[in-house]
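Step one of this worksheet: look at the structure below.
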Amino acid sequence: YGFFADPWSAYARVRVLVPTEGFGARGGVAVLGSALVQRQLWSWLAVRAGIDARGDRPLVEDGREDPDSGGFVLFASPELVVQPWTDAVVQAALRWPIVQALRGEQREGPMVTLGVVHDI
Numbered sequence: 337y338g339f340f341a342d343p344w345s346a347y348a349r350v351r352v353l354v355p356t357e358g359f360g361a362r363g364g365v366a367v368l369g370s371a372l373v374q375r376q377l378w379s380w381l382a383v384r385a386g387i388d389a390r391g392d393r394p395l396v397e398d399g400r401e402d403p404d405s406g407g408f409v410l411f412a413s414p415e416l417v418v419q420p421w422t423d424a425v426v427q428a429a430l431r432w433p434i435v436q437a438l439r440g441e442q443r444e445g446p447m448v449t450l451g452v453v454h455d456i
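Mind the numbering: the sequence shown is residues 337 to 456 in the working numbering, read in order.
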């Protein structure tokens, strides 16, 4: 879902990943969601604030569930979006885990993500 009212915009999406059988292991079904709001500061610069969530079933290996896989995590996600030239966008984001309900011995830490989109 997208909403646009210059200089503001908002975006939300949900994805479902259904892994297929691999070589002895199969990841669990995962549901991923994102929601963000963006403020366009100038034609070339925007800031975003959002949340990203992931919930997934445990990994299955040799017919058994891995006790240290699966669960739920929610991230706060501030971002910068820069358009350095026409048809190019660079995104830089921090993903900070704020809620973790993960199974077994696992933790998510903060992440930095970078992305480049170029229209050809």
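Just so you know, even glycine gets a beta-carbon here, dropped at the ideal spot from N, CA and C.
All values reported here derive from a predicted model rather than from experimental measurement.
_Rounded separation between Met447 and Asp398 - CA only_ = Your numbering for residue 447 matches position 111 in the sequence shown. Your numbering for residue 398 matches position 62 in the sequence shown. Rounded to the nearest angstrom, the two C-alpha atoms are 31 Å apart.
*Span separating the alpha-carbon of Pro414 from that of Leu430*: Position 78 of the sequence shown, counted from the start, is the residue given in the question as residue 414. Position 94 of the sequence shown, counted from the start, is the residue given in the question as residue 430. Spanning the two alpha carbons is a distance of roughly 6 Å.
*Taking the beta strand (DSSP E) that Ile434 falls in, what are its first and last residues?*
The sequence position of residue 434 within the sequence shown is 98, counting from 1. Where Ile434 is concerned, the enclosing beta strand (DSSP E) stretches over 424-438.
*Whose C-beta lies closer than 7 Å to the C-beta of Phe411 among residues of the same chain, with five residues either side of it excluded?*
Indexing the sequence shown from 1 puts residue 411 at position 75. Around Phe411: Ile387, Asp388, Arg431, Trp432, Pro433, Ile434.
*asked:* I need the DSSP call for Gln419, collapsed to helix, strand or coil.
replied: The sequence position of residue 419 within the sequence shown is 83, counting from 1. It is coil, neither helix nor strand.
*Where do the ends of the beta strand (DSSP E) carrying Tyr337 lie?*
By one-based count along the sequence shown, residue 337 stands at place 1. First-last for Tyr337: undefined, no H or E at that position.
*Where does Asp392 land, buried or exposed, given buried means 16+ other C-beta within 10 angstroms?*
Along the sequence shown, one-based indexing puts residue 392 at 56. When all chains shown are included, Asp392 counts as buried.
_Spatial neighbours of Gly338 in its chain, beta-carbon cut-off 6 Å, leaving aside the 5 residues before and after_ = Here the question's residue 338 lines up with position 2 in the sequence shown. Excluding the 5 residues flanking it on each side, Gly338 has same chain C-beta neighbours closer than 6 Å at Tyr347, in chain order.
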